[in-house]
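Chemist: For reference, each letter of the first sequence is one residue, going 14 to 127 in our numbering.
Beta carbons: idealized from backbone N, C-alpha and C, even for Gly.
Keep in mind it's a predicted model, so treat the numbers as computed, not measured.
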Amino acid sequence: MNIDSTNRFTKMTKVLDDGYAWRKYGERNILSSKFPRCYFRCAYKHDQGCKALKQAQKLEDGTNMYRITYIGRHACLLPNTSHLGEELDQWDQELGPDSFLISFEKKIPGPDYS
DNA sequence: TTAATTTGACCGGG
DNA sequence: CCCGGTCAAATTAA
Numbered sequence: 014m015n016i017d018s019t020n021r022f023t024k025m026t027k028v029l030d031d032g033y034a035w036r037k038y039g040e041r042n043i044l045s046s047k048f049p050r051c052y053f054r055c056a057y058k059h060d061q062g063c064k065a066l067k068q069a070q071k072l073e074d075g076t077n078m079y080r081i082t083y084i085g086r087h088a089c090l091l092p093n094t095s096h097l098g099e100e101l102d103q104w105d106q107e108l109g110p111d112s113f114l115i116s117f118e119k120k121i122p123g124p125d126y127s
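1. Name the DSSP beta bridge partners of I121, please?
2. What residue from Y52, Y33 and F48 has the CA that sits closest to E40's CA?
3. Kindly indicate which three-state DSSP category A56 falls into: helix, strand or coil?
4. Measuring straight from C-alpha to C-alpha, what distance separates E54 and A34?
5. Give every residue of the same chain whose Cβ lies closer than 7 Å to the Cβ of A56, excluding the five residues on either side of it in the sequence, and list them in chain order.
6. Return the CA-CA distance between I43 and R50, expressed in angstroms with no decimal places.
7. K71 lies in the beta strand (DSSP E); which residues open and close that run?
8. For Y79, which residues of its own chain have a beta-carbon under 6 Å away from its beta-carbon, when the five flanking residues on both sides are left out?
9. Could you please give the first and the last residue of the uninterrupted beta strand (DSSP E) stretch that includes G39?
10. Between the alpha carbons of Y38 and T76, how many angstroms are there, rounded?
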């Protein structure tokens, strides 16, 4: 199975799913990587106000990992049910009271083809 | 038939 | 003019 041929990146949202409802709005090849970067925004229906974005890109280091970048906070949905919200709170505490985090990255494993 | 994705166009910053 | 972020019409999925 090859991620680049028959399957589009976003058809694998199962393995990349993080509990939020993302809607893809773009995909672009990035000069520095042979894999495309995908652009998502929060799919919250009453789509007004929620500025949260997400980017996902397969890493080239052969580890079958994806770099997931979260940008902005979800102004929608019931918040505290999300592990991502907890991660953001954690980061905010380390940053101190004067600043707050608006984006962070994490690496997650890609699909397992075994 | 409605909703989500795909994909080239569009656009703004450097 | 290049690069990357977004838009939106066409296409596909639900």
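Modeler: According to the structure data:
1. In the first sequence, counting from the first residue as 1, residue 121 sits at position 108. For I121, which the question treats as bridged, DSSP gives the partners Y79.
2. Translated into positions along the first sequence, residue 40 becomes position 27. The shortest C-alpha separation from E40 is found at Y52.
3. Residue 56 sits at position 43 when you count from the first residue of the first sequence. A56 falls in the coil class under three-state DSSP.
4. Sequence index remark: in the first sequence, residue 54 carries index 41 (1-based). Sequence index remark: in the first sequence, residue 34 carries index 21 (1-based). The displayed chain sequence assigns Arg, not Glu, to residue 54. Rounded to the nearest angstrom, the two C-alpha atoms are 9 Å apart.
5. Reading the first sequence from its first residue, position 43 is the one you call residue 56. A34, W35 and R36.
6. Mapped onto the first sequence, residue 43 falls at position 30. Mapped onto the first sequence, residue 50 falls at position 37. Spanning the two alpha carbons is a distance of roughly 7 Å.
7. Translated into positions along the first sequence, residue 71 becomes position 58. L66 to K71 is the span of the beta strand (DSSP E), which, as asked, contains K71.
8. Taking the first sequence and counting its residues from 1, one reaches residue 79 at position 66. The residues are A69, K71, I121 and G123.
9. Within the first sequence, residue 39 is the residue found at index 26, counting from 1. Segment W35 to N42, the beta strand (DSSP E) holding G39.
10. The residue labelled residue 38 in the question sits at position 25 within the first sequence. The residue labelled residue 76 in the question sits at position 63 within the first sequence. Distance between the alpha carbons of Y38 and T76: 27 Å.
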